[in-house]
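To start, the structure under review is shown below, and the notes come after it.
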Amino acid sequence: MTAAAKQPNRDPSLAPLRGQLAALTRLLHRERILNYSGHASVRIPGRDAFLIQSLYESRAKVSPDSLIAVDFDCNVIDGPDGFEPPREVRIHAEILRARADVEAVVHTHSELAAAFTMVEGVELRLMKSHAVRWKSGIPIHPDPSHIMTPEQGRELADTLGPHQGALLRAHGGVLVAESVPALLIDAVHFDENARAQLQAAAIGRLKPLTEAELELLASRSNRDQHVSKLWSYYLAAGMDSGIIPRDWNELL
Ligand SMILES: [Zn+2]
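In the working numbering, the protein residues as written are 130 to 381.
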């Protein structure tokens, strides 16, 4: 991980991805799914590289121009002077390397989701309709330490396997998606589902979605339309509240 290989490469074609990733980071911070830790990334099309925020920048302040480009060995290949990748950047590098079908990754430090790795005999279940996204399963990565090395990153990618999300024991979670807008919606629904389980458990015995119900939901879902609707909703809410500058509209 070195800045020595840095080569300024402000490719204008990446402006929309930069805008989307900065907006997602600020919005997930507002939702408390990211806090002082956690980060999101997006693959740079056609390259073994991705955009991600830098180590010390607040999730509330990330901007399109402050994002850095990092290769799969975690060398910074484009970014402001002195900007380093986050300490857990290997999560993104190794998942993007292992999963050609994935364009965007978020690592959360969601307190709510992590709680489901801390209770004996209780698993996170699929409760709300949008949790159909995780119908193949939500594995739990057993290593509670931060993911700092390539080997740890590969181990986490192995735990994730072909699934769309995983929990990290006593730590947080990872989610993967086909685009930045889809990743935002998944991150929101993942926490919604965890909250739904908590609320339902307070009322009575849990009744998670059945296999038949999940099949029905999968057959009737229009993911692209749903992502488009919620992305517009969250962007508008972010702009109304001042979290996202209105002039980012040109990028998004
Ligand atoms: Zn972490």
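Ideal placement from N, C-alpha and C gives every residue a C-beta, glycine not left out.
Enclosing alpha helix (DSSP H) for residue i [first to last residue]
| i | result |
| --- | --- |
| residue 320 | 309–332 |
| residue 200 | Note, residue 200: premise wrong, no alpha helix (DSSP H); beta strand (DSSP E) at 197–200. |
| residue 364 | 352–369 |
| residue 335 | Neither: residue 335 is in no alpha helix (DSSP H) and is coded neither H nor E. |
| residue 375 | Looking at the DSSP string, residue 375 is not in any alpha helix (DSSP H), and its letter there is neither H nor E. |
| residue 349 | 340–349 |
Chain-order list of residues whose beta-carbon lies under 6 Å from that of residue i (same chain, five-residue window excluded)
| i | result |
| --- | --- |
| residue 153 | 169, 309 and 313 |
| residue 266 | 292 |
| residue 158 | 188 and 189 |
| residue 347 | 261 |
| residue 142 | none |
| residue 224 | 234 and 286 |
| residue 197 | 183, 205, 208 and 212 |
| residue 144 | 380 |
Interface flag, residue i vs chain C, CB-CB below 9 Å
| i | result |
| --- | --- |
| residue 349 | Here there is only one protein chain, and chain C is not present. |
Whether residue i touches residue j by CB criterion (9 Å)
| i | j | result |
| --- | --- | --- |
| residue 257 | residue 322 | yes |
| residue 311 | residue 233 | yes |
| residue 231 | residue 331 | no |
| residue 279 | residue 297 | no |
| residue 156 | residue 363 | yes |
| residue 275 | residue 216 | yes |
| residue 294 | residue 315 | yes |
Continuous beta strand (DSSP E) stretch holding residue i: start and end
| i | result |
| --- | --- |
| residue 296 | 294–297 |
| residue 301 | 301–306 |
7 Å Cβ shell around residue i - same chain, five flanking residues per side excluded
| i | result |
| --- | --- |
| residue 301 | 167, 236, 237, 238, 239, 242 and 243 |
Close-in-space but distant-in-sequence residues of the same chain around residue i (CB under 8 Å, 5 per side omitted)
| i | result |
| --- | --- |
| residue 133 | Confidence in residue 133 is poor, its pLDDT being 42 and thus under 50, which makes the residue's placement unreliable; the coordinate value appears in the next sentence. Around residue 133: 204. |
| residue 253 | 242, 245, 267, 296, 322, 323 and 326 |
> In chain order, which continuous runs of the beta strand (DSSP E) of length 3 or greater are located wholly inside the region 205–287?
Replying inline: Listed in chain order, they are 205–207 and 233–237.
>> So if I measure from each beta-carbon to every heavy atom of ligand 1 and keep distances below 6 Å, which residues remain?
In response: In chain order, the hits are 166, 217, 236, 238, 275, 300 and 301.
> Unbroken beta strand (DSSP E) runs of length 3 or more, entirely within the region 144–194: which are they?
Replying inline: Counting whole runs of 3 or more residues, the region 144–194 contains the beta strand (DSSP E) stretches 168–172 and 178–181.
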